[in-house]
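Protein chains in written order, with the UniProt record's numbering: chain A, 1 to 173; chain B, 1 to 173. Each residue gets a CB set at the ideal place from its N, CA and C atoms; glycine is no exception. What you are looking at is a predicted structure, and each value in this text was computed from that prediction instead of being measured. In what follows, a single structure is set out as structure tokens and then discussed.
Protein chains: 2
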Amino acid sequence: MATNPETTHERCRARREGDFGWHVGTLLRAYEAAVAEVVADVPHGSRGYQVLDVVVHGDQPTQVALAAHLGIDRTVMTYLIDDLVEADLVLREQSPTDRRARRVVATASGRTTLAELERRVRAAEDATMGVLAPDEREVLRGLLRRVACGLRDIDLTGTGGPPVELPMAAVRS
Amino acid sequence: MATNPETTHERCRARREGDFGWHVGTLLRAYEAAVAEVVADVPHGSRGYQVLDVVVHGDQPTQVALAAHLGIDRTVMTYLIDDLVEADLVLREQSPTDRRARRVVATASGRTTLAELERRVRAAEDATMGVLAPDEREVLRGLLRRVACGLRDIDLTGTGGPPVELPMAAVRS
DNA sequence: GACATATGATCTGCCAGACAACACATATCG
DNA sequence: CGATATGTGTTGTCTGGCAGATCATATGTC
């Protein structure tokens with residue numbers, strides 16, 4: 001039951017270079033939709049999955065760091081972790097070095113759950129990039145990784161911190 | 001594919017292939033932030049800008065088509081266009097072929113405004129991709145364009161779900 | 001033509017999430 | 001010690017997504 005390629009009559013013939021924002025947005029929307037299907041059982045869907053992923057693989061020391069890293073509001077992070085704790089995926093521990101901070105660590109259940117989800121998410125990613133050849137997907141992954149990492153090195157704004165000016169002053173007129 | 005430490009910034013040391021979602025999300029967040037600064041005067045910010053862009057350059061016949069194309073809810077599109085009309089950027093016309101539909105067309109002011117904004121948005125895009133060499137940016141633009149266009153023509157939502165017209169999910173993240 | 005169904009636009013109501021402001025505990029620095 | 005900054009949680013507000021209803025019109029079927 002393949003969709004008729006002509007149903008979306010706008011097609012891509014008119015797609016211009018100027019649609020960069022639309023391209024990124026469309027990719028993210030499709031990615032979110034595909035991943036949401038896979039991680040439907042995780043509290044807060046893809047958000048919860050991403051938090052769990054960073055908790056297991058990342059090294060974000062605090063909840064704020066976690067929130068800033070993922071672009072989530074820190075007040076939302078509270079409820080998000082609450083629900084992950086309730087689902088027995090993560091635990092809140094006292095940070096040994098800073099009694100203000102909670103260290104969020106994954107439970108055994110969280111780790112096994114994540115491992116399974118990662119497999120499926122990876123498959124969903126490849127499906128999302130289905131039009132590209134495998135080696136092209138790797139190129140895209142690599143470029144996105146470099147851009148994202150570069151952005152994090154320069155711009156450490158999170159939602160919540162004092163607004164850090166992006167190096168865009170030259171952009172304005 | 002081990003994490004390639006060729007980008008020797010410390011903060012990226014832990015970046016893995018599995019962070020594809022984080023990479024795309026980070027890119028979109030940075031892009032949105034940069035563009036928002038540039039298009040701050042347009043009603044509804046980057047949303048309004050994108051609508052104006054499609055109205056001028058695209059060929060979306062109706063408001064629903066516009067909304068589906070941009071991943072915006074159709075009920076929001078009503079208010080969005082209301083404000084664009086009030087700002088004298090676009091007009092609502094009766095569609096000559098379908099008296100239910102409104103054709104959204106750009107005013108002269110909308111066209112000149114968009115032309116100026118496009119320049120700045122393009123600059124903001126390049127700033128966002130600042131870590132990449134110019135030719136790499138073109139590669140990234142091309143790959144994103146192909147993925148996005150491919151997703152629009154054949155929507156495959158990962159786990160073999162039924163083909164959907166355009167399942168837009170929450171993007172904000 | 002009569003009828004049923006589908007589509008485009010709008011409005012209403014509900015809810016999740018972003019955001020700011022505040023409170024509290026604790027860390028850090030002078 | 002005092003001032004300031006940071007981590008977390010709580011509250012309230014506001015925007016936007018989303019479902020559902022409504023109305024006008026188009027399309028397909030008999």
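Could you round the C-beta distance between residue i and residue j to whole angstroms and report it? I think they count as a contact, below 8 Å.
| i | j | result |
| --- | --- | --- |
| VAL51 (chain B) | LEU28 (chain B) | With 8 Å as the limit, VAL51 (chain B) and LEU28 (chain B) do not qualify as a contact, their Cβ atoms being about 18 Å apart. |
| PRO43 (chain B) | ASP88 (chain B) | Not really, about 11 Å apart at Cβ, beyond 8 Å. |
| VAL121 (chain B) | VAL55 (chain B) | That belief does not hold up - the Cβ atoms of VAL121 (chain B) and VAL55 (chain B) are roughly 15 Å apart, past 8 Å. |
| ARG146 (chain A) | LEU132 (chain B) | 7 Å |
| ARG111 (chain A) | ASP126 (chain A) | The pair is not a contact, with the Cβ atoms about 23 Å apart (cut-off 8 Å). |
| GLY45 (chain B) | ALA36 (chain B) | 5 Å |
| ARG102 (chain B) | GLN60 (chain B) | That pair is no contact at about 12 Å. |
| VAL139 (chain B) | VAL76 (chain A) | Contact flag wrong, Cβ pair sits at about 35 Å. |
On a Cα-Cα basis, can you pick out the residue from the options that is closest to residue i?
| i | options | result |
| --- | --- | --- |
| HIS23 (chain A) | B:TRP22, B:VAL64, B:ALA65 and B:GLY71 | B:GLY71 |
| ASP53 (chain A) | A:GLY25, A:VAL76, A:ARG137 and A:ARG119 | A:ARG119 |
| TYR49 (chain A) | A:GLY18, A:VAL85 and A:PHE20 | A:VAL85 |
| THR113 (chain A) | A:ALA124, A:ASP153, A:LEU151 and A:ASP41 | A:ASP41 |
| ASP153 (chain B) | A:ALA30, A:GLY18 and A:PHE20 | A:ALA30 |
| GLY18 (chain B) | A:ARG47, A:ARG141, A:GLY150 and A:GLY18 | A:ARG141 |
| PRO134 (chain A) | B:LEU143, B:ARG47, B:LEU66 and B:PRO134 | B:LEU143 |
| residue 256 (chain B) | A:VAL139, A:GLY21, A:GLY130 and A:PHE20 | The question about residue 256 (chain B) has no answer, for chain B in this structure spans 1 to 173. |
| ALA148 (chain A) | A:HIS69, A:PHE20, A:GLY58 and A:GLY21 | A:HIS69 |
| ARG47 (chain A) | B:GLY25, B:THR107, B:ALA123 and B:ARG100 | B:GLY25 |
| HIS57 (chain B) | B:ALA123, B:ARG100 and B:THR107 | B:THR107 |
If we count the other Cβ atoms within 10 Å of its Cβ and call it buried at 16 or more, is residue i buried or exposed?
| i | result |
| --- | --- |
| PRO162 (chain B) | Because the pLDDT at PRO162 (chain B) is just 36, under 50, the model does not fix this residue reliably, and the point stays unresolved. |
| ARG74 (chain B) | exposed |
| THR128 (chain B) | buried |
| GLU93 (chain B) | exposed |
| SER109 (chain B) | exposed |
| GLU116 (chain B) | exposed |
| VAL38 (chain B) | buried |
| ASP98 (chain A) | exposed |
| THR157 (chain B) | Only weak support is given to the placement of THR157 (chain B): the predicted model assigns it a pLDDT of 42, under 50, and the question is left unresolved by the model. |
| THR78 (chain A) | exposed |
| PHE20 (chain B) | buried |
Can you pull the chain B neighbours of residue i, defined as C-beta to C-beta under 7 Å?
| i | result |
| --- | --- |
| TYR31 (chain A) | GLY21 and VAL24 |
| VAL35 (chain A) | GLY21 |
| GLN50 (chain A) | GLY21 and TRP22 |
| GLU136 (chain A) | LEU143 |
Just to make sure I have the definition right: I need the residues of chain A whose C-beta is within less than 9 Å of the C-beta of residue i. Which are they?
| i | result |
| --- | --- |
| ALA148 (chain B) | CYS12, ARG15, ASP19, TRP22, HIS23, VAL24, GLY25, THR26, LEU27 and ALA30 |
| ARG74 (chain B) | The contacting residues do not exist; ARG74 (chain B) stays about 15 Å from chain A at best. |
| LEU132 (chain B) | LEU143, ARG146, VAL147 and GLY150 |
| GLY45 (chain B) | Here the premise fails: no neighbours, minimum Cβ distance about 12 Å. |
For residue i, go through chain A and note every residue whose CB falls closer than 8 Å to its CB, in chain order.
| i | result |
| --- | --- |
| LEU144 (chain B) | PHE20, HIS23, VAL24, LEU27 and LEU140 |
| GLY118 (chain B) | One point to set straight first is that residue 118 (chain B) is Glu, not Gly, in the sequence displayed. By Cβ distance, chain A contributes GLY18. |
Name the one or two DSSP bridge partners that residue i has.
| i | result |
| --- | --- |
| ARG92 (chain A) | A:VAL104 |
So which residues of chain B does residue i contact, with C-beta pairs closer than 8 Å?
| i | result |
| --- | --- |
| MET129 (chain A) | VAL147 |
| ASP83 (chain A) | In chain order: nothing, as chain B lies at least about 17 Å away. |
| GLU125 (chain A) | PHE20 and GLY21 |
Comparing the CB of residue i with every heavy atom of the ligand PLP, is any distance shorter than 7 Å?
| i | result |
| --- | --- |
| HIS69 (chain A) | No copy of the ligand PLP occurs in the structure displayed, which carries no ligand at all. |
What residues of chain B sit near residue i, judged by a beta carbon separation below 9 Å?
| i | result |
| --- | --- |
| GLY110 (chain A) | The premise fails here: GLY110 (chain A) is roughly 15 Å from chain B at the closest Cβ pair, so nothing lies under 9 Å. |
| ASP53 (chain A) | GLY18, ASP19, GLY21 and TRP22 |
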